[in-house]
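Protein chains in written order, with my numbering: chain W, 1048 to 1180; chain R, 1048 to 1180; chain V, 1048 to 1180; chain H, 1048 to 1180; chain P, 1048 to 1180; chain F, 1048 to 1180.
6 protein chains.
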Amino acid sequence: MTTDRKEPIYLFSEKQVAEKSALARHFLDNRTRLNENVDKADNFLVKRFYNLDHNAYLEGAVPAKYKELMGLVASVSLRCDDCITYHAIQSYRLGVTRAEQEEAINVALVIGGSIVIPHLRRAYELLTELYFA
Amino acid sequence: MTTDRKEPIYLFSEKQVAEKSALARHFLDNRTRLNENVDKADNFLVKRFYNLDHNAYLEGAVPAKYKELMGLVASVSLRCDDCITYHAIQSYRLGVTRAEQEEAINVALVIGGSIVIPHLRRAYELLTELYFA
Amino acid sequence: MTTDRKEPIYLFSEKQVAEKSALARHFLDNRTRLNENVDKADNFLVKRFYNLDHNAYLEGAVPAKYKELMGLVASVSLRCDDCITYHAIQSYRLGVTRAEQEEAINVALVIGGSIVIPHLRRAYELLTELYFA
Amino acid sequence: MTTDRKEPIYLFSEKQVAEKSALARHFLDNRTRLNENVDKADNFLVKRFYNLDHNAYLEGAVPAKYKELMGLVASVSLRCDDCITYHAIQSYRLGVTRAEQEEAINVALVIGGSIVIPHLRRAYELLTELYFA
Amino acid sequence: MTTDRKEPIYLFSEKQVAEKSALARHFLDNRTRLNENVDKADNFLVKRFYNLDHNAYLEGAVPAKYKELMGLVASVSLRCDDCITYHAIQSYRLGVTRAEQEEAINVALVIGGSIVIPHLRRAYELLTELYFA
Amino acid sequence: MTTDRKEPIYLFSEKQVAEKSALARHFLDNRTRLNENVDKADNFLVKRFYNLDHNAYLEGAVPAKYKELMGLVASVSLRCDDCITYHAIQSYRLGVTRAEQEEAINVALVIGGSIVIPHLRRAYELLTELYFA
């Protein structure tokens, strides 16, 4: 029971996001640098996992933008700042509004509890940078 | 930045779900029995938390069906069988298809890893009962 | 900076608790049976860990009853039913009231979020059995 | 079964704590700045959650100081540095001694294991600053 | 930097393990039944994840038996009974001794803390069945 | 069923590791400084836990190098950067190759999922420093 999957269409490039938000830029630069080092190691299983990871967020029965928001909810619940930043950026690039991001974070806040609040605070700082007119 | 929220419209009642799936019925009966006991305790903070929890899944900027799927993704990632059963049932009641449920679970599987697989297996058993023609 | 530690004084024996609550009895019987098997293995490091664990809940700068409630809060937050049952029983044996147990669980509910609710429901069932006049 | 709740009486203000400890000051400044940004977003559910969170630590059947120590134990067990710093400061402000803080951390260490040790090390650094004569 | 990987050689079949231990048999039967249902769903990403999972435990730079023990340590630390049972059985099938299994569990106990003990108790019950002469 | 335990033989001292890798040096310096502060507190239970922790990784039925790799797998699965750095360093000091470290991390990646990837990226940066010819 598998639906055809295809790449989502991004409204903004990573470069555009990096120009808009210093927090996003810092994250993306660091991630690029570290991923280049992972790529050099050329580990078979890591490459396959990255590929699987990519596949999970493609357009399908569930639109890509909601998959990224699901990734955001899981990242907040599991309390991973890098993962939160990544999925908030991806959601933004797919045209998700700030109100939608906040509602997704609210689901994670209620599920995950107050232990999630330090991450919510940092996520809101990123949202303020991304959605500043 | 808060959107008006309203109750979602369910396509199926809990009773209809319980008639369709023995796993769902067992869960719902048990949950009802235990919640009646919690209600009797009449704890102020617990009641307020239940109320907040209810609010997080209302129709808003994000449609209720995607909020329930977000709840499902977080529940699988955090490995809580009761929570998985609850959100899979709620998603079903809101007209979510099996393909959509599977894609949401896939996001959680990739984020949460193989430690999630025992819960995925049990979730698929529930999905098979719920979506049996 | 270590305070003298001594064994707490229990108001009720495990046997008395088991007579009052079927849930407690089931847990205690199972735990005794499994611990006998662990004891037979006579593993040095496990025995030392059990000993350390025992030490952490002795009377000290913090009264034993609050330490058991701390154990309860951590157990609810970390979502371990056996641990919750154990610390709720120990708290009861030390004279903790139901109101105190509920307030401790509330701290854990707010910290841990709705993912904690299935455990809260089961904990309330145990509390109802233990504190039934 | 709800006990009257009232605000606890603090022996020290946040300002006094910030003057005593550089680690506390850094945390409090950062938290204030980020919370101001969260406040500006004016999200209904977030505000209600913050309110609920506040309620969980009021004086009640369990004294506020033990509730803060419970928050500390859960924070160490769940490994959240910001949460640890917050509850250690709150405990200090309510007159909790260093010996009491250490015993609470010990409960969390035994429950949570060695994965907790990096957080314990940082917590001890804060305690040393706070309780320096 | 990838080493050639090949299937490990098992000293015992799953059938032999099931004949030796009632706990193992119950787990294996249940797992087989639930996996058949997952297979029927024929979900592309789930199948790829199962395949990746299989690859992670093949003979390589680290012998398969130590990879299974690593799986056991992670499963105990993350507190997943099904995962513990699975890796304890796989380790047994690869000729791992009881002393080796206990030492692996000890690493997980010290890392994961007392919250791990209920799982350790159940793991020891399985070990006693598996290693009974 | 306890095997004789003895201290492992390290191929490299902490000092040699610190000279080879800036990341390792930064971690070791910080850990030394913070541990000196913990030592000064002279807390009985903390000292006993540190001692137990030390015992869990000694040579025994499972060679010390595989115990350190088990510690690495649990640390990656539980997502603790300090713990990952510690066990990667210890493994290096015991002669573990980079291929072995990568395979251990792969077990943790598959068990723990993509939430583990930010930690994997940082771990690979450390491995690149440690294993640079």
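Glycine included, C-beta positions come from ideal geometry on N, C-alpha and C. This one's a predicted model, so the numbers in the text were calculated from it and none came from an experiment.
task: Starting from arginine 1126/H, trace the alpha helix (DSSP H) both ways and give me its first and last residue.
output: No alpha helix (DSSP H) holds arginine 1126/H; DSSP gives it neither H nor E.
- prompt: Would arginine 1126/R count as contacting chain H if we go by Cβ distances under 8 Å?
  reply: With respect to chain H, the C-beta atom of arginine 1126/R has no partner C-beta closer than 8 Å.
field: Contacts that valine 1157/W makes with chain V (C-beta to C-beta distance below 7 Å)
entry: Near valine 1157/W (Cβ distances below 7 Å), the residues of chain V are Gly1160 and Ser1161.
field: leucine 1070/H vs leucine 1173/H beta-carbon contact at 8 Å
entry: Yes, these two residues count as a Cβ contact at 8 Å.
query: At a Cβ cut of 9 Å, what residues of the region 1094-1115 of chain W count as close to chain F, listed as they run along the chain?
result: Within the region 1094-1115 of chain W, Phe1096, Tyr1097, Leu1099, Asp1100 and Ala1103 place their CB atoms closer than 9 Å to a CB of chain F, listed in sequence order.
Closer than 8 Å at the beta carbon, the chain W residues around valine 1085/H: Within chain W, the residues near valine 1085/H are Leu1167, Arg1168 and Tyr1171.
- request: Going by CA-CA distance only, name the one from Val1064/R, Asp1076/R and Lys1087/R that's closest to phenylalanine 1179/V.
  value: With respect to the C-alpha of phenylalanine 1179/V, the residue from Val1064/R, Asp1076/R and Lys1087/R having the closest C-alpha is Lys1087/R.
- prompt: Can you name, in chain order, every residue of its own chain whose Cβ lies under 8 Å from the Cβ of methionine 1048/V, other than the five neighbours on each side?
  reply: Reliability of the predicted coordinates at methionine 1048/V is poor, the pLDDT of 46 falling under 50, and the value obtained from them is presented with this limitation in mind. Short of 8 Å from the beta carbon of methionine 1048/V, and not among the five residues preceding or following it, lies no beta carbon of its own chain.
task: Return the CA-CA distance between isoleucine 1136/W and valine 1093/P, expressed in angstroms with no decimal places.
output: Their Cα atoms are separated by approximately 26 Å.
query: What residues in the region 1052-1086 of chain R have a beta carbon less than 7 Å from any beta carbon of chain V?
result: Listed by position along the chain: Leu1081, Asn1082, Asn1084 and Val1085.
message: For glutamate 1066/V, which residues in the same chain have their Cβ closer than 8 Å to its Cβ, ignoring the five residues on either side in sequence?
response: Within the same chain, glutamate 1066/V has close Cβ partners Arg1072.
message: Taking 8 Å as the threshold (C-beta atoms), are isoleucine 1131/F and leucine 1119/F in contact?
response: Yes, the Cβ-Cβ distance between leucine 1119/F and isoleucine 1131/F is below 8 Å.
message: Please return the same chain residues whose Cβ sits closer than 8 Å to the Cβ of aspartate 1128/R, not counting the five positions on each side in sequence.
response: His1166 and Arg1169, listed in sequence order.
- prompt: Who does lysine 1053/H pair with in a DSSP beta bridge?
  reply: Bridge partners of lysine 1053/H: Glu1106/H.
- prompt: On the premise that isoleucine 1164/P lies in contact with serine 1124/P, defined as a C-beta separation below 8 Å, what is that separation, rounded to the nearest angstrom?
  reply: With 8 Å as the limit, serine 1124/P and isoleucine 1164/P do not qualify as a contact, their Cβ atoms being about 13 Å apart.
field: Proximal chain H residues relative to aspartate 1089/F, where beta-carbon distance stays under 8 Å
entry: Residues of chain H with a Cβ closer than 8 Å to the Cβ of aspartate 1089/F do not exist, since the nearest Cβ in that chain sits about 10 Å away.
message: My output table needs one value for leucine 1167/P: the three-state DSSP class, helix, strand or coil.
response: The answer is helix: DSSP assigns leucine 1167/P an H, G or I state.
query: Ordered along the chain, which non-local residues of its own chain (more than five positions away) have a Cβ less than 7 Å from that of alanine 1155/F?
result: Closer than 7 Å at Cβ, skipping near neighbours: Val1120, Val1123, Ser1124 and Val1163.
- request: Would you identify the three-state DSSP class for threonine 1144/H, choosing helix, strand or coil?
  value: Threonine 1144/H falls in the coil class under three-state DSSP.
Option nearest histidine 1101/H by Cα separation, candidates Glu1115/H, Arg1126/H, Val1143/H and Glu1150/H: The shortest C-alpha separation from histidine 1101/H is found at Glu1115/H.
task: Look at glutamate 1149/W and asparagine 1090/H and say whether their C-beta atoms are less than 8 Å apart.
output: Result yes, Cβ atoms of glutamate 1149/W and asparagine 1090/H sit closer than 8 Å.
message: Does tyrosine 1178/W come out as helix, strand or coil in the three-state DSSP assignment?
response: In the structure shown, tyrosine 1178/W falls within a coil segment according to DSSP collapsed to helix, strand and coil.
field: Closest residue to alanine 1111/R among Tyr1171/R, Glu1176/R, Ala1146/R and Ile1056/R (Cα-Cα distance)
entry: The candidate whose alpha carbon is nearest that of alanine 1111/R is Ile1056/R.
message: Can you confirm whether glutamate 1147/F, when its beta carbon is compared against all beta carbons of chain W, has any partner nearer than 8 Å?
response: Not an interface residue.
query: If we cut at 8 Å on Cβ distances, does glycine 1118/V have a partner in chain H?
result: Yes - at least one Cβ of chain H is within 8 Å of the one on glycine 1118/V.
- prompt: Given arginine 1145/W, which residues of its chain have a CB within under 7 Å of its CB, disregarding the five upstream and five downstream residues?
  reply: Correct list, in chain order: Leu1174 and Tyr1178.
task: Spell out whether any CB of chain P is found under 8 Å from the CB atom of glutamate 1150/F.
output: By this cut-off, glutamate 1150/F is an interface position.
- prompt: In terms of alpha-carbon separation, which member of Arg1126/P, Tyr1139/P, Glu1083/P and Arg1095/P lies closest to glycine 1160/P?
  reply: Residue Arg1126/P is the option with its Cα nearest to glycine 1160/P.
task: Would you please state the rounded distance, in angstroms, between the beta carbons of tyrosine 1171/V and asparagine 1084/R? I believe it to be under 8 Å.
output: Indeed they touch by this definition, with Cβ atoms about 6 Å apart.
field: Cross-chain neighbours of threonine 1175/R in chain P, by beta carbon under 9 Å
entry: Residues of chain P whose Cβ lies closer than 9 Å to the Cβ of threonine 1175/R are, in chain order, Asn1084, Lys1087 and Ala1088.
- prompt: For leucine 1070/V, is the beta carbon positioned less than 7 Å from some heavy atom of the ligand NAD?
  reply: Among the components of this structure there are no ligands whatsoever, and the ligand NAD is therefore not found.
message: Between the alpha carbons of phenylalanine 1059/F and serine 1068/F, how many angstroms are there, rounded?
response: Cα to Cα, the separation comes out at about 13 Å.
query: Can the beta-carbon of asparagine 1153/V be found closer than 8 Å to that of alanine 1103/H?
result: With respect to the 8 Å criterion, asparagine 1153/V and alanine 1103/H are classified as neighbours on the basis of their beta carbons.
- prompt: Where does the unbroken alpha helix (DSSP H) through phenylalanine 1074/V begin, and where does it stop?
  reply: 1069-1088 is the extent of the alpha helix (DSSP H) around phenylalanine 1074/V.
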